[in-house]
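**Student:**
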Amino acid sequence: MALAVMLLNGASFHGGYCRHKVLLSLLGPLLSHSKLYSSYRRPGAEPEKKLSWQNADFSFKKGIDHLKTQLSLLKKETQDYLQGSGGHPVSQHLLEQTRVLWQFRSQEDLNEWVISSDVEIGGKSKVYIKLGRNNQAALLYGTLNTEVPRDGETKYSGYCSMRSRPAVGSFNRKKYYDWSNFNSLYLRVRGDGRPWMVNIYTDPYFSHQKDDLYSYFMFTRGGPYWEEIQIPFSKFFLSSRGRVQDNQHPVWLDKASFLEALFEISFEKAVTLGFTIGDKVDGPFQLEIDFIGLLNDRAHREEFAYETYDKN
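FYI, the UniProt record's numbering numbers position 255 of the sequence shown as 255, with every residue one higher than the one before it.
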């Protein structure tokens, strides 16, 4: 694609009278649907001044250094794979009852997460994240504002979220977690009494599933005390673009990736985990998170909490 853009910018035929406009007329329909020439722009957003490939920094030395780093990561991944799942012996993996996925003790731990709000669509909510007291937790706080942007397009507003970055292996390969030994998500949090949604984001195989999301509620009681919350994976329900789907499926736990996983023959894989507040109540909020982990609760035998329907 970059080669095609270079041809458009500087190509000319030997005759001298047929310049790059001819190529533009031929390749224009192809490039208009590409990421380099996106035709859609949200109301009020400034147009991009440069093409995406023009922002790339081409450096041979950086390329060699990057190759060395990726090869070392590949070597470590190979060693962990040969040793056992997650780099642990098979016996330890099979007997594992609990596992801590994220624990917030430093700025590096916070860097594994990203925050967002309705500011991306023109809203006025604000969200921040920092280390809590004595660097013992992540403090997510901000202000929720449900005022709808006056762009003539957006109908709803008022949300803030925190989401883990997708795990990446060597050479930028997507990594998927194996949580098949566990049946519950386990968290230690301290909130202000407001409800949250815990989301498992997926990496679908088909493009029409890109908005699929597995969610369940997390209710905080407020007050000065910490609470430990257990959410079975069987409780997570499927939604798409904010609408709960009739056709429900349990989450696949053997191919998960940032807290999101999937089902039947839909080939979706979990990629990230997130927390969202959008209870339509204007005002400040805060949520402290000590750790996020997994639990194998042998007393929980439910496979899926919702009805499933056979397709005709």
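C-beta: ideal position from N, C-alpha, C; glycine also.
1. Taking 7 Å as the limit between beta carbons, can you name the residues of its chain near residue 375, skipping five residues before and five after?
2. Identify every run of the beta strand (DSSP E) within the segment 150-227, keeping only runs that are complete inside it and at least 3 residues long; order them along the chain.
3. Output needed for A56: all residues of its chain with C-beta closer than 8 Å, excluding positions within five of it in sequence on either side, in chain order.
4. From the DSSP secondary-structure annotation, give me the bridge partner or partners of W295.
5. Is it true that the CB of I292 sits closer than 9 Å to the CB of S161?
6. Nearest CA to the CA of F171: which residue from A305, F58 and K68?
7. Around the Cβ of F104, are there at least 16 other Cβ atoms within 10 angstroms (buried) or fewer (exposed)?
8. Quick one, which of I129, L144, N145 and T146 has its alpha-carbon nearest A138's?
9. From A305 to S239, what distance separates their C-alpha atoms?
10. Going straight from the alpha carbon of L7 to that of E228, what length do you get?
11. Between P166, T143 and Q107, which lies nearest to G132 when the distance is taken from Cα to Cα?
12. So if DSSP puts Q245 in a beta bridge, which residue, or which two residues, is it bridged to?
13. Can you name the start and end residues of the beta strand (DSSP E) that F304 belongs to?
14. Classify E288 as helix, strand or coil using the three-state DSSP reduction.
15. Could you tell me the distance, in whole angstroms, from the CA atom of A261 to the CA atom of G152?
16. At what residues does the beta strand (DSSP E) containing T143 begin and finish?
17. May I ask you to report which of helix, strand or coil DSSP gives S72?
18. Please report the Cβ distance between T98 and L273, rounded to the nearest whole angstrom; I am assuming they are in contact, meaning their Cβ atoms lie under 8 Å.
19. Starting from L110, follow the alpha helix (DSSP H) in both directions and report where the run begins and ends.
20. To which residues of the same chain is L101 closer than 7 Å at the C-beta, ignoring the five residues directly before and after it?
**Tutor:** Here's the rundown:
1. There is no way to answer for residue 375, as the model of the chain reaches only from 1 to 312.
2. 160-164, 184-191, 195-203 and 212-219
3. none
4. Note on residue identity: the sequence assigns Leu, not Trp, to residue 295. T98 and S184, per the DSSP bridge assignment.
5. no
6. K68
7. buried
8. I129
9. 15 Å
10. At L7 the pLDDT is 38, less than 50, meaning the model places this residue with poor confidence; the figure from the coordinates comes in the next sentence. About 60 Å.
11. Q107
12. Paired residues: none, contrary to the question.
13. Segment: none, F304 is in no beta strand (DSSP E) and carries neither H nor E.
14. strand
15. With a pLDDT of 30 at A261, under the threshold of 50, the modelled position of that residue is not reliable, and no figure is offered here.
16. A138 to L144
17. helix
18. Rounded, the Cβ-Cβ distance is 17 Å, inconsistent with contact.
19. Q107 to L110
20. I292, G293 and L294
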